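Here the protein sequences come in this chain order: A and B.
Residue numbers 190 to 418, in the working numbering, belong to the letters of the first sequence in order.
Residue numbers 3 to 69, in the working numbering, belong to the letters of the second sequence in order.
Every residue gets a Cβ at the ideal spot worked out from N, C-alpha and C, and that includes glycine.
All figures in this text were calculated on a predicted structure; none of them were measured in a lab.
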Amino acid sequence: MGILVVQALVLLALMVAVGLWLFWFPYPSPLLRRWLPPRKRWPEAQIRGWLKRGRFERAFVRYFCRDPERVPPPGTSLLAPADGLVTGTEERAGIRYLVIALSFWDMHVQRCPLSGKVVSVESRGDDFMDGEGREFAFLREKACPVQKRLVVATEAGQVAVRLITSITARRIETWVREGDQIERGQRIGRILLGSTVVLELPAAAGLLVRKGERVWAGQTPVAQISQTP
Amino acid sequence: MNGFLWAYDHLGWGIFSVTVFTVLWWLLGDLVWRLKNIGFGRFLAAMFSGWLVGVGLIVLGFFLGSR
Numbered sequence: 190m191g192i193l194v195v196q197a198l199v200l201l202a203l204m205v206a207v208g209l210w211l212f213w214f215p216y217p218s219p220l221l222r223r224w225l226p227p228r229k230r231w232p233e234a235q236i237r238g239w240l241k242r243g244r245f246e247r248a249f250v251r252y253f254c255r256d257p258e259r260v261p262p263p264g265t266s267l268l269a270p271a272d273g274l275v276t277g278t279e280e281r282a283g284i285r286y287l288v289i290a291l292s293f294w295d296m297h298v299q300r301c302p303l304s305g306k307v308v309s310v311e312s313r314g315d316d317f318m319d320g321e322g323r324e325f326a327f328l329r330e331k332a333c334p335v336q337k338r339l340v341v342a343t344e345a346g347q348v349a350v351r352l353i354t355s356i357t358a359r360r361i362e363t364w365v366r367e368g369d370q371i372e373r374g375q376r377i378g379r380i381l382l383g384s385t386v387v388l389e390l391p392a393a394a395g396l397l398v399r400k401g402e403r404v405w406a407g408q409t410p411v412a413q414i415s416q417t418p
Numbered sequence: 003m004n005g006f007l008w009a010y011d012h013l014g015w016g017i018f019s020v021t022v023f024t025v026l027w028w029l030l031g032d033l034v035w036r037l038k039n040i041g042f043g044r045f046l047a048a049m050f051s052g053w054l055v056g057v058g059l060i061v062l063g064f065f066l067g068s069r
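In structure tokens form, the structure reads like this:
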């Protein structure tokens, strides 16, 4: 009789496993997730579904909000302000825009590309499709980007970091204020959900990365500006 | 008596092993399907062959053990 009980318990555990598998299908069962990389653990369709409902799974939120330590490499190069994929290096009116697209699985804390003093922290395109919001929609093919623009005066001149998100997500936190002295690689803010970060550089800056390359905030050198004497 | 389906007062170890193996194989298949980019036909064929080999070994082991 004892053996039958053990067998029944094992079969019950297997039934639970199959039940979970069926319940979560086509997405991975929670029992299998630990063996999957993040992109497969939480597929894009599942995240988009959560985004529509406005409710997210706790494990995903924990993963999304991770904020690992980063050690900036030595040197005077400008570091990537965000984790993601370089999707553009356009130059317009004497400014080079290095566009970094963040996916749902990228770390969403942004870091300062170079030491300097924060000149301004501006909010833009917060509500309507007008003004600066529309002007810069070309960067991400988004109609109403919500933006924060941090301008930093560095020894190599002024650079700006734009944190952009969509009107549906519309949450950007900035952790520095006007007048703050910030270090190269220091945390400057966080975008919550689908987002883009644009680094604005003088056109003369030499880019160290190309379109299609992956970069890591506070770690990957993305450009070099020759120091002014 | 040690039957494949039933033995005295509990499930036979044969059918029990086949059931456990089948469920674990199914879950493993799901994991492999998500991790690897392979064609569905090839995947099904590989999983079915693996399942046949596993069940074959269980049945063989059961009958050799109960001889």
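Worksheet item: Name the residues in the region 190 to 211 of chain A whose C-beta lies less than 8 Å from a C-beta of chain B; which are they?
Response: MET190, ILE192, LEU193, GLN196, VAL199, LEU200, LEU203, ALA206, VAL207, TRP210
Query - Rounded separation between TRP201(A) and VAL194(A) - CA only - result: Reading the sequence as shown, one finds Leu at residue 201(A) and not Trp. Each residue's alpha carbon lies about 10 Å from the other.
task: Could you name the residues of the region 28 to 60 of chain B whose beta carbon sits closer than 8 Å to any beta carbon of chain A, in the order they occur along the chain?
output: TRP28, LEU29, ASP32, LEU33, ARG36, LEU37
CA-to-CA distance, SER384(A) to GLY322(A), given in whole angstroms:
Confidence at GLY322(A) is low in this model, with a pLDDT of 47, below 50, so its placement is unreliable and the value that follows should be read with caution. The straight-line gap from Cα to Cα measures roughly 14 Å.
In whole angstroms, give me the CA-to-CA distance for ILE284(A) and ARG338(A).
15 Å
- Integer-rounded CB distance, given that LYS229(A) should sit under 8 Å from LEU37(B): 7 Å
Please report whether the beta-carbon of GLY67(B) lies at a distance below 8 Å from any beta-carbon of chain A. no
- prompt: Leaving out the 5 sequence neighbours to the left and right, which residues in its chain are closer than 7 Å to PHE45(B) when beta-carbon positions are compared?
  reply: TRP35
Pairwise C-alpha distance: VAL205(A) and VAL386(A) | 43 Å
task = Could you please give the first and the last residue of the uninterrupted alpha helix (DSSP H) stretch that includes GLY58(B)?
result = 42 to 67
| query | Name the chain A residues that come within less than 9 Å of LEU13(B), Cβ to Cβ? | reply | ILE192, LEU193, GLN196, ALA197, LEU200
Item to check | Any chain B beta carbon closer than 8 Å to PRO219(A) | outcome: no
Selection from THR278(A), LEU352(A), ALA282(A), GLY346(A) that minimises the alpha carbon distance to LEU396(A) = THR278(A)
**Asked** Considering only the beta carbon of each residue, do PRO391(A) and VAL350(A) sit closer than 8 Å?
**Response** no
When the cut-off is 8 Å and only beta carbons count, does TRP224(A) lie next to chain B?
yes
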